[in-house]
Ligand SMILES: Nc1ncnc2c1ncn2[C@@H]1O[C@H](COP(=O)(O)OP(=O)(O)OP(=O)(O)O)[C@@H](O)[C@H]1O
Ligand SMILES: [Mg+2]
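Chains as they are written, first to last, in our numbering: chain F, 1 to 317; chain L, 1001 to 1503.
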């Protein structure tokens, strides 16, 4: 019995610590465990979560995607702006295509040119931020007919009592999880991330695998941008700033390895949701919003540390 | 007699989830003896030695070192106590110098933590000289051959004045000359009173160099015998419960159409003008010393490397140099040289590793067919008697030999037309080894073309219908039924080397 508790602590220590935190917040902030607040958090999480689904593909191949923050900004600006110009349907199509194209561009540079993914996507992060200003001329855009457009359903709608963005996110998660677990593409992702050389010896084209992982990441960021645009009904030039780190944090917190080859979608869903509740809890406890950042990274370091410590049976190297 | 014992293992047990790797194991090592540890793949040899070197903590039992019950905290602690493990897979830092590697983790520093470079060099030099190494302390380890890297590890024995040195399959990637050198070194250590543990699947080596033999089987000690008072049959019976006929079975020489022909394949700096062909039902051996360029040649044919020049003919018609995907789809299979780097995705289980090169065969409309995967996994688990707890046990947790068997499985399962085996029995136990030799013969008799690369002469002669000798990137001689012999092979390879040296 003692042993099982010990084992449980070691394996799920992080989850337990999280539950303790939830309990602590719930006692101190009455609003925390209300249905309204929980749905709010989930609504929030649906945007970062959607992005994290695609980034999980990239991380599983052993690469990074830091460009998704600015990509979200650019795509949100595009969807909002085009909504006014071309109408909601075409705006959505264009946004998704733009997401695919940006992902493909990342994938080209990392997969085929063979450049370091950290450098490529960091450069893209700042390049796209510049492109946003170029595109918008520095002014914020808003959706003109915010009250009438059916476009609002993605960010603000409800279906069977659940927010539509949450439903979109969960459906995305189910599809992404299915692709990774049950398709040949998923297997190639895990193969390349686990051992690229052995995968090449097994006839897997690592370049294409990496390419498609980035394309998925661009696509999910496109979907996130649609939710974002619909929720805010407008787009500031900095709307996605910092999202790349939140997303990466969620993926890591879930336990997907940055070295590639190990991790999963359900881990990302858990990680990003935990992060959402932690940040919301801190706000409700009255901490300034920037405290989120301090705590987020402290949580991640501790999470990774606990995980490593449990694996090697020692706290220090 | 008792005080001769330098290290004693008392009733050690070690369990991993699903396996009892060591079950109440006791044995001892005397000063100045070479003690063999033998047993099938997965018998627990490496695990036992890792327990001595502080890499595994035993569940129960103790280690008595120099008469005192001792706890070994970790590899560095072991080294500083005088117990040195030389790994099955070498574990040096390729970017660091020889001297830095010898003292890895125990560099001499002054009060401020600054490395004392001169002292480090001086001590390392002394250790290297004592072993008679032909290289200095400043060389970057990544530039050394496998044998030289091993010498760097052995130099730690001098540097830390080791009392116990453990060799885990040290000759797996050594040439015969390098092996002789290693044995010379081992005898030197022995003469100085060092207790040595020697793990190997090569029985001739065991009978050559060791004084006593301890046999492990399924984690239990079957017994310890004096090498001089036993023989191969007896030891084999202790290991696997039966004796082995030491004959090689060669496939019946009935050849069909040509499957692959290589014409003038060249890659600057690696190999030049390599030409040969192989037919259905034929086993072609590629013999040569480690570094002769055999692996480069087959990796180029398979498409993992690019060639500068040369033609390839597949079933009679010329083809462009293929990509690995095209090679596999044509029916080519390559069991690569290095199982950990090239052969397996270590985090995956046997099931996923086996299907990895043939995802299309194991799927419909891109959906993986798990039932089919499991069936194939089970088929090869029993056909090759692979020891694993289940289809999804990460192969990183398997013993070296059992990993190698999964590399074979993943290439056999799609019924190739041509299978290229690069050192297929490296690290494989005697029982499974002869099973693999039989398998090669069977495959050829089923009409496959087979290319076998091996540095073991009896193996290459035993399984092949024809043998090509390679040296320094060129085919230097070809032998057929009539003139295939050890002498001729040695002659071809060494004669050519002499020539090259003179030129
Ligand atoms: N880290 C681990 N986790 C789980 N099981 C392990 C681990 N290390 C070893 N084992 C298991 O313990 C058993 C003994 O393995 P070990 O590596 O000691 O075999 P071995 O005798 O050295 O074999 P080989 O001759 O193939 O190298 C095997 O069944 C192996 O799968
Ligand atoms: Mg071993």
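Cβ coordinates follow ideal geometry from the N, Cα and C atoms, glycine included.
With H, G and I counted as helix, E and B as strand and the rest as coil, what does DSSP make of residue i?
{"i": "residue 1290 (chain L)", "result": "coil"}
{"i": "residue 1167 (chain L)", "result": "strand"}
{"i": "residue 29 (chain F)", "result": "coil"}
{"i": "residue 1109 (chain L)", "result": "strand"}
{"i": "residue 1271 (chain L)", "result": "strand"}
{"i": "residue 1380 (chain L)", "result": "helix"}
{"i": "residue 1072 (chain L)", "result": "coil"}
{"i": "residue 1001 (chain L)", "result": "Here residue 1001 (chain L) scores only 45 on pLDDT, less than 50, and its place in the model should not be relied on; the value that follows carries that caveat. Looking at residue 1001 (chain L) - three-state DSSP - the assignment turns out to be coil, as it is neither helix nor strand."}
{"i": "residue 1368 (chain L)", "result": "strand"}
{"i": "residue 1457 (chain L)", "result": "helix"}
{"i": "residue 205 (chain F)", "result": "coil"}
{"i": "residue 1056 (chain L)", "result": "coil"}
{"i": "residue 1448 (chain L)", "result": "coil"}
{"i": "residue 1403 (chain L)", "result": "helix"}
{"i": "residue 43 (chain F)", "result": "helix"}
{"i": "residue 151 (chain F)", "result": "helix"}
{"i": "residue 1080 (chain L)", "result": "helix"}
{"i": "residue 1103 (chain L)", "result": "coil"}
{"i": "residue 165 (chain F)", "result": "helix"}
{"i": "residue 1502 (chain L)", "result": "Confidence at residue 1502 (chain L) is low in this model, with a pLDDT of 42, below 50, so its placement is unreliable and the value that follows should be read with caution. Helix, per DSSP."}
{"i": "residue 1184 (chain L)", "result": "helix"}
{"i": "residue 83 (chain F)", "result": "helix"}
{"i": "residue 1466 (chain L)", "result": "strand"}
{"i": "residue 183 (chain F)", "result": "strand"}
In chain L, which residues lie with their C-beta within 7 Å of the C-beta of residue i?
{"i": "residue 272 (chain F)", "result": "Those do not exist, as residue 272 (chain F) stays about 23 Å from chain L at its closest Cβ, beyond 7 Å."}
{"i": "residue 205 (chain F)", "result": "1325"}
{"i": "residue 197 (chain F)", "result": "1341, 1342"}
Counting only Cβ pairs nearer than 8 Å, list the residues of chain F close to residue i.
{"i": "residue 1304 (chain L)", "result": "200, 201"}
{"i": "residue 1334 (chain L)", "result": "201"}
Can you find a CB in chain F that lies within less than 7 Å of the CB of residue i?
{"i": "residue 1366 (chain L)", "result": "yes"}
{"i": "residue 1060 (chain L)", "result": "no"}
{"i": "residue 1328 (chain L)", "result": "yes"}
{"i": "residue 1002 (chain L)", "result": "Residue confidence is low: residue 1002 (chain L) scores 47 on pLDDT, short of 50, so the model does not pin down where it sits. Its coordinate-derived value is still stated next. Chain F, which has no Cβ nearer than 7 Å to the Cβ of residue 1002 (chain L), makes this no."}
{"i": "residue 1500 (chain L)", "result": "Residue placement at residue 1500 (chain L) is poorly supported in this model, since its pLDDT is 46, which falls under 50; the coordinates still yield a value, given next. It does not; no Cβ of chain F falls within 7 Å."}
{"i": "residue 1503 (chain L)", "result": "Residue placement at residue 1503 (chain L) is flagged as unreliable, the pLDDT there being 40, under the threshold of 50; the coordinate-derived value follows with that caveat. With 7 Å as the cut-off, residue 1503 (chain L) does not count as an interface residue toward chain F."}
Counting only C-beta atoms, is residue i closer than 7 Å to chain L at any point?
{"i": "residue 194 (chain F)", "result": "yes"}
{"i": "residue 73 (chain F)", "result": "no"}
{"i": "residue 187 (chain F)", "result": "yes"}
{"i": "residue 2 (chain F)", "result": "Caution is warranted here: a pLDDT of 42 is assigned to residue 2 (chain F), below 50, making its placement in the model unreliable, and the coordinate value is therefore given only provisionally. Taking Cβ atoms only, chain L never reaches closer than 7 Å to residue 2 (chain F), which makes this a no."}
Using the beta-carbon of each residue, which ones in chain F are nearer than 7 Å to residue i?
{"i": "residue 1363 (chain L)", "result": "184"}
Whose Cβ in chain L lies nearer than 8 Å to the Cβ of residue i?
{"i": "residue 262 (chain F)", "result": "1347"}
{"i": "residue 243 (chain F)", "result": "None at all; the shortest Cβ gap to chain L is about 29 Å."}
Kindly give me the distance between the Cβ atoms of residue i and residue j, rounded to whole angstroms, as I take these residues to be in contact under 8 Å.
{"i": "residue 1006 (chain L)", "j": "residue 1022 (chain L)", "result": "So it is not a contact: roughly 20 Å between Cβ atoms."}
{"i": "residue 1084 (chain L)", "j": "residue 1166 (chain L)", "result": "7 Å"}
{"i": "residue 60 (chain F)", "j": "residue 214 (chain F)", "result": "Wrong, their Cβ atoms sit about 12 Å apart, outside the cutoff."}
{"i": "residue 1384 (chain L)", "j": "residue 1409 (chain L)", "result": "6 Å"}
{"i": "residue 75 (chain F)", "j": "residue 121 (chain F)", "result": "15 Å between Cβ atoms; not a contact."}
{"i": "residue 1288 (chain L)", "j": "residue 1470 (chain L)", "result": "4 Å"}
{"i": "residue 250 (chain F)", "j": "residue 272 (chain F)", "result": "3 Å"}
What residues from chain L crowd round residue i, counting only those whose CB sits closer than 9 Å?
{"i": "residue 190 (chain F)", "result": "1345, 1347, 1348, 1352"}
Going along the chain, which residues of the segment 1313 to 1325 of chain L sit with their C-beta nearer than 8 Å to a C-beta in chain F? Correct list: 1323, 1324, 1325.
Contact list for the segment 1336 to 1360 of chain L against chain F, Cβ threshold 8 Å: 1336, 1341, 1342, 1343, 1344, 1345, 1346, 1347, 1348, 1352, 1355, 1356, 1357, 1359, 1360
Using a Cβ-Cβ cut-off of less than 8 Å, list which residues of the segment 1144 to 1174 of chain L approach chain F; keep chain order. none
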